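Trainee: Residue numbers (the numbering used here): 27 to 454.
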RNA sequence: GGUUGGGUGGCCGAGUGGUUUAAGGCACCGGUCUUGAAAACCGGCGUGGCGGAAACGUCACCGGGGGUUCGAAUCCCUCCCCAACCGCCA
């Protein structure tokens, strides 16, 4: 959520921001409703003040007649107040709908435009090179080496689910180990998080559970939902808390399963593991002081680069355009890894993203910090970034490390956890 | 799933209809004392909205919502959450 006062004082800038981000919101209408509501609020407060005076005077009434007269007066004031409060609530309800639709403000350097306007910032350490033999996609490779059972997944849970088998199962664990090991050395606190969370936590982070457009699986008869990312639980961890400023920044690394209905996403370039209903992810999350968040954002992006450099996978970094930002993000960087088997001649596919959500999430979740010796509390900034989304990373590993003989090398960095250097060929 | 007890300021915690203007403590801030620090003592100290240049004024807030009343942290209804124990269970 944006700060209401900020919206009132910056109507034009907020409207322009919504337009740039392709969100249809009538900011002027919100300002109008909110101004009216505030006027009524003042009236209500004046009536409350009078009613309080009447209440206090009752003890001093000299007889029953006077006492009763004052009670009548008090009742009259209360009824009038309730009437105005009702109007106020109608205004507030309409304003709240507009308010919650407003996206975060945007970093001034974020490229303006739709998806195609996203700007490439740089490439990874490893170059994309021709293979010199016909490449296979990860589905074919997995079939050849008996690594993934899509049919079995479908039988048990439907399309979009799968069993990882053999080296793929080991690689899932190895990728987690690799990412967590790396992040712990960077000072992140490792956490295995709940895979379910309450509706309020989802909403605070910016997900909409149980709507017609929802991407979230919900549990029947409970206010619980399967999380789409550990961002939800890590952000929710500090909901309603006040953090001492000297403890910031807090850097957390969460391991969770992620569940997404992917409603409406069928039929696109989503073969095999690319777009699935469940996957495992190692997520980075940070709480910072407001003036730390931009540096933290760059840091998270650079860590993502280091992780993929370490795996030896080519990638590019995108500064995501305004029209393609989610609601809470002030700025977002994506890493797209080279997937040689994707499309007709290989394509980049999104593998991580890092967002600076400034105070947009913390305002709704009520996460504040307090500076020792200073009065009051302020909202923290929150950031999140993918360390490794296993399913997509697996695609990149399998496809980039395939060899002319059909075998697949294990990336050097993962060998100590996989315990071998090659799938197929001489290795098996 | 069952039973019981709980939810009050940054934290702990008192408080069963009107000096609650939310006691007291911790933490924090200022001061006295001290070479310095600690301790002790004195004073200050919740959050948010609105008005105001400010001093200040005013309203709201005791898990959420609703109700009773001139007046609710306190009484009633309802929902949520937390803890402990029991049952079941990897």
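Glycine included, C-beta positions come from ideal geometry on N, C-alpha and C. This structure is a prediction, so every number in the text was calculated from the model and none was measured.
Just confirm the distance between the C-beta atoms of residue 420 and residue 197, as a whole number of angstroms; I'd bet it's less than 8 Å.
Mentor: Right, their Cβ atoms sit about 6 Å apart.
Trainee: For residue 86, count neighbouring Cβ atoms within 10 angstroms of its own Cβ and tell me buried if that reaches 16, exposed if not.
Mentor: Counting Cβ neighbours within 10 Å, residue 86 comes out exposed, since fewer than 16 surround it.
Trainee: What are the uninterrupted segments assigned as alpha helix (DSSP H) that are 4 or more residues long and contained completely in the region 138-183, given in chain order?
Mentor: Correct list: 164-171, 176-183.
Trainee: Less than 8 Å between C-beta atoms, sequence neighbours within five positions excluded: which residues of the same chain meet that for residue 453?
Mentor: Residue placement at residue 453 is poorly supported in this model, since its pLDDT is 49, which falls under 50; the coordinates still yield a value, given next. The residues are 433, 446, 447.
Trainee: Rounded to a whole number of angstroms, what is the C-alpha to C-alpha distance between residue 287 and residue 377?
Mentor: Going by the C-alpha atoms only, they are around 18 Å apart.
Trainee: What are the start and end residues of the alpha helix (DSSP H) that includes residue 72?
Mentor: Residue 72 -> alpha helix (DSSP H) spans 53-83.
Trainee: Would you give the residue range spanned by the alpha helix (DSSP H) that residue 38 belongs to?
Mentor: Per DSSP, residue 38 belongs to the alpha helix (DSSP H) from 37-46.
Trainee: Is there contact between the region 204-217 and the region 175-188, where contact requires at least three CB pairs shorter than 8 Å?
Mentor: No, because fewer than three Cβ pairs between the region 204-217 and the region 175-188 fall closer than 8 Å, the two stretches do not touch.
Trainee: In the structure shown, what three-state DSSP assignment does residue 269 receive?
Mentor: Three-state result, residue 269: strand.
Trainee: Counting pairs of Cβ atoms below 8 Å between the region 256-265 and the region 226-236, do you hit three or more?
Mentor: Judged by Cβ distances under 8 Å, the region 256-265 makes contact with the region 226-236, as three or more pairs qualify.
Trainee: What are the start and end residues of the beta strand (DSSP E) that includes residue 305?
Mentor: Per DSSP, residue 305 belongs to the beta strand (DSSP E) from 304-314.
Trainee: According to the Cβ coordinates, are residue 210 and residue 340 closer than 7 Å?
Mentor: No, Cβ-Cβ distance for residue 210 and residue 340 is not below 7 Å.
Trainee: Below 8 Å, how does it come out for the region 297-308 and the region 269-284: are there three or more Cβ pairs, yes or no?
Mentor: Yes: at least three Cβ pairs fall under 8 Å.
Trainee: Measuring only the C-alpha atoms, how far is residue 201 from residue 301?
Mentor: Straight-line Cα distance between these residues: approximately 19 Å.
Trainee: Out of 412, 267, 375, which one is the CA nearest neighbour of residue 391?
Mentor: Looking at the Cα atoms, 267 is the closest of the given residues.
Trainee: Would you call the region 74-90 and the region 51-62 in contact, with 3 or more CB pairs under 8 Å?
Mentor: Taking 8 Å as the limit for Cβ pairs, the verdict is that the region 51-62 does not touch the region 74-90.
Trainee: Helix, strand or coil, according to DSSP, for residue 233 in the structure here?
Mentor: The answer is coil: DSSP assigns residue 233 none of H, G, I, E or B.
Trainee: Pair every Cβ in the region 160-171 with every Cβ in the region 63-81, then say whether three or more of these pairs are closer than 8 Å.
Mentor: No: the two stretches stay apart, fewer than three of their Cβ pairs being nearer than 8 Å.
Trainee: Following a CB-centred definition, is residue 111 positioned closer than 6 Å to any heavy atom of the ligand MG?
Mentor: Among the components of this structure there are no ligands whatsoever, and the ligand MG is therefore not found.
Trainee: On a Cα-Cα basis, can you pick out the residue from 126, 373, 101, 150 that is closest to residue 28?
Mentor: For residue 28, the nearest C-alpha among the options comes from 126.
Trainee: Given a threshold of 16 other Cβ atoms within 10 Å of its Cβ, counted over all protein chains shown, does residue 147 qualify as buried or as exposed?
Mentor: Burial call: exposed.
Trainee: Going straight from the alpha carbon of residue 335 to that of residue 404, what length do you get?
Mentor: Cα-Cα distance, rounded: 37 Å.
Trainee: Could you give the first and the last residue of the continuous alpha helix (DSSP H) run that contains residue 323?
Mentor: Residues 319-337.
Trainee: Does DSSP put residue 31 in a helix, in a strand, or in coil?
Mentor: DSSP places residue 31 in helix when its eight states are reduced to three.
Trainee: Tell me which same chain residues have a C-beta within less than 6 Å of the C-beta of residue 431, skipping the five on either side of it?
Mentor: Contacts found: 451.
Trainee: Take residue 427 and list the residues in its own chain whose beta-carbon comes closer than 6 Å to its own, dropping the five residues that flank it on each side.
Mentor: Same-chain partners within the cutoff: 434, 435.
Trainee: Can you tell me whether residue 408 is helix, strand or coil according to DSSP?
Mentor: Strand at residue 408.
Trainee: Apart from the five residues on each side of it in sequence, which residues of its chain come closer than 6 Å, Cβ to Cβ, to residue 397?
Mentor: Around residue 397: 271.
Trainee: Can you find at least 3 beta carbon pairs, one from the region 370-387 and one from the region 326-335, that sit closer than 8 Å?
Mentor: Touching, yes, given that three or more Cβ pairs across the two stretches are closer than 8 Å.
Trainee: Measure the CB-CB distance between residue 361 and residue 164 and report whether it falls below 7 Å.
Mentor: Not closer than 7 Å, so no.
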